[in-house]
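In what follows, a single structure is set out as structure tokens and then discussed.
2 protein chains.
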Amino acid sequence: MISEQKIFYDYLETRRLKRTAQRDLILDMFLKIEKHVTPEELYQSIRKKYPHIGFSTVYRTLKLLVNCGLAREVKTAGDNSTFFEHQYDHPHHDHLVCQGCGKMAEFFDKAIEDLQEKIARAHGFKMTGHRLEITGLCKTCQDKGGAE
Amino acid sequence: MISEQKIFYDYLETRRLKRTAQRDLILDMFLKIEKHVTPEELYQSIRKKYPHIGFSTVYRTLKLLVNCGLAREVKTAGDNSTFFEHQYDHPHHDHLVCQGCGKMAEFFDKAIEDLQEKIARAHGFKMTGHRLEITGLCKTCQDKGGAE
DNA sequence: GTATCTGCAAAACTTTTGCTTATTT
DNA sequence: AAATAAGCAAAAGTTTTGCAGATAC
Numbered sequence: 580m581i582s583e584q585k586i587f588y589d590y591l592e593t594r595r596l597k598r599t600a601q602r603d604l605i606l607d608m609f610l611k612i613e614k615h616v617t618p619e620e621l622y623q624s625i626r627k628k629y630p631h632i633g634f635s636t637v638y639r640t641l642k643l644l645v646n647c648g649l650a651r652e653v654k655t656a657g658d659n660s661t662f663f664e665h666q667y668d669h670p671h672h673d674h675l676v677c678q679g680c681g682k683m684a685e686f687f688d689k690a691i692e693d694l695q696e697k698i699a700r701a702h703g704f705k706m707t708g709h710r711l712e713i714t715g716l717c718k719t720c721q722d723k724g725g726a727e
Numbered sequence: 580m581i582s583e584q585k586i587f588y589d590y591l592e593t594r595r596l597k598r599t600a601q602r603d604l605i606l607d608m609f610l611k612i613e614k615h616v617t618p619e620e621l622y623q624s625i626r627k628k629y630p631h632i633g634f635s636t637v638y639r640t641l642k643l644l645v646n647c648g649l650a651r652e653v654k655t656a657g658d659n660s661t662f663f664e665h666q667y668d669h670p671h672h673d674h675l676v677c678q679g680c681g682k683m684a685e686f687f688d689k690a691i692e693d694l695q696e697k698i699a700r701a702h703g704f705k706m707t708g709h710r711l712e713i714t715g716l717c718k719t720c721q722d723k724g725g726a727e
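In the order they appear, the protein sequences are chains A and B.
Position in the first sequence counted from 1, then plus 579, gives you our numbering.
Position in the second sequence counted from 1, then plus 579, gives you our numbering.
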């Protein structure tokens, strides 16, 4: 079993980057977060335990987590802040969202995953993640005859 | 046939908003753009024809276009600026984003589109749209090793 | 005439950077 | 001892807002 900590420490070692108390703490706090988090939110949580930490340290460490594959950045329309979320925690579920009532279903489809890999490769990319959201109308909202 | 102009003008009328030369021009320029555009880029193009236009006017009008369904906002990891793109410009394209340098490629894959329809149907949804973003590392960033 | 819009500038907010001191290796 | 990181503050970049004068209705 490969732990996230090990991935991070190996990453640091490979690049001759240093393991510090702050980086350890930031990784731990990040891993404890169940869902996505903004840099500001993470900064605020960490300050409670470690009041002298700097925002830039948190920010720079989040970028490290992205670079070593533990986190990914997510930006959403309607929110100007970047979210960081676990890359490996919920590796394979995508969302189906009802425009009428907001109901959300999760799904996983191997064929789509494979096609994504293929497309990335065709463009010279090494795929590290993806985000797929299908919007539609659920049964109930279709029956109600169209939503706003 | 419903023109984008008509959609916009109807939207304005319904809400007792005013039709102005600037709004007309911004819509026209936006419709001429083939791909996504940042507010800044659109502002710069418009200034060439209409030097006194204000950035806020462009920005506010883009939001109007989103609200009336003609445009949508797209934000990508690796780029801090919001892109605006046509909402009704089928076939939709999806994005491939490099986590290292923010470089963005567009693609369209019929097989993926079809699978999405199928999945939505399997969950009792009627699909109305989707958003797919594949993140990865482009050739250049793979070679550089992804370091900051 | 009234309500809305424009353009400007400033504010608000997010992300990045420069630099000095501190820490890790 | 040398190299890197932390923390701070300031800069840079993006989005939003307040307002006086202009324009559409």
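Glycine included, each C-beta is placed from N, C-alpha and C at the ideal position.
Listing by chain order, which chain A residues have their CB less than 8 Å from the CB of residue i?
i	result
C647(B)	Within 8 Å Cβ-Cβ: nothing; C647(B) doesn't reach chain A, min ~13 Å.
A684(B)	H702, F704
T707(B)	Q678, T714, G715, L716
Suppose you measure from the CA of residue i to the CA of residue j; what does that come to, to the nearest Å?
i	j	result
T707(A)	Q695(A)	10 Å
L604(A)	F587(A)	12 Å
E685(A)	Q601(B)	43 Å
Q666(A)	Q584(B)	42 Å
L606(A)	H631(B)	49 Å
V676(B)	K689(B)	19 Å
L621(B)	Y629(A)	44 Å
I698(B)	E712(B)	18 Å
K642(A)	T636(A)	10 Å
Y638(A)	H709(A)	22 Å
T593(A)	T599(A)	15 Å
H672(B)	K627(A)	44 Å
L716(A)	E652(A)	28 Å
C680(B)	S582(B)	37 Å
P670(B)	K611(B)	Residue confidence for P670(B) is low, a pLDDT of 49 falling below 50, so the modelled location carries little weight and cannot support an answer.
K705(A)	K597(A)	27 Å
T714(B)	H702(B)	26 Å
T661(B)	G657(A)	10 Å
V616(B)	I691(A)	28 Å
Starting from residue i, trace the beta strand (DSSP E) both ways and give me its first and last residue.
i	result
F662(B)	662-665
E692(A)	Taken as a continuous stretch (DSSP letters only), E692(A) belongs to no beta strand (DSSP E), being part of the alpha helix (DSSP H) at 689-701.
K705(B)	705-716
V653(B)	650-653
V616(A)	Per DSSP, V616(A) belongs to no beta strand (DSSP E) and is neither H nor E.
D673(B)	673-677
A684(B)	683-686
What do you get for residue i, buried or exposed, if any count of 16 or more other CB atoms within 10 angstroms of its CB means buried?
i	result
E619(B)	exposed
T655(B)	buried
N659(A)	exposed
N646(A)	buried
D693(A)	exposed
T640(B)	buried
F687(A)	exposed
E664(B)	buried
K718(B)	exposed
G633(B)	exposed
K682(B)	buried
Q678(B)	buried
Grab the span of the alpha helix (DSSP H) containing residue i for me, first residue to last.
i	result
T736(A)	One cannot answer for residue 736(A) here, as it falls past the ends of chain A, which runs 580 to 727.
I605(B)	600-611
Y629(B)	Neither: Y629(B) is in no alpha helix (DSSP H) and is coded neither H nor E.
N659(A)	That residue, N659(A), is in no alpha helix (DSSP H); it is neither H nor E in DSSP.
K642(A)	634-646
Listing by chain order, which chain B residues have their CB less than 8 Å from the CB of residue i?
i	result
D688(A)	L694, I698
L591(A)	None at all; the shortest Cβ gap to chain B is about 11 Å.
R598(A)	Residues of chain B passing the Cβ test: none, with the nearest at roughly 16 Å.
Could you tell me which chain A residues have their CB closer than 7 Å to the CB of residue i, listed as they occur along the chain?
i	result
I691(B)	I691, L694
In chain A, which residues lie less than 9 Å from residue i when you measure between Cβ atoms?
i	result
R594(B)	By Cβ distance, chain A contributes nothing, its closest Cβ being about 15 Å from R594(B), past 9 Å.
Interface residues of the region 632-666 of chain B facing chain A [CB-CB below 9 Å]: V645, R651, E652, V653, K654, T655, A656, G657, D658, N659, T661
Residues in the region 600-632 of chain A having any Cβ partner in chain B nearer than 8 Å: none
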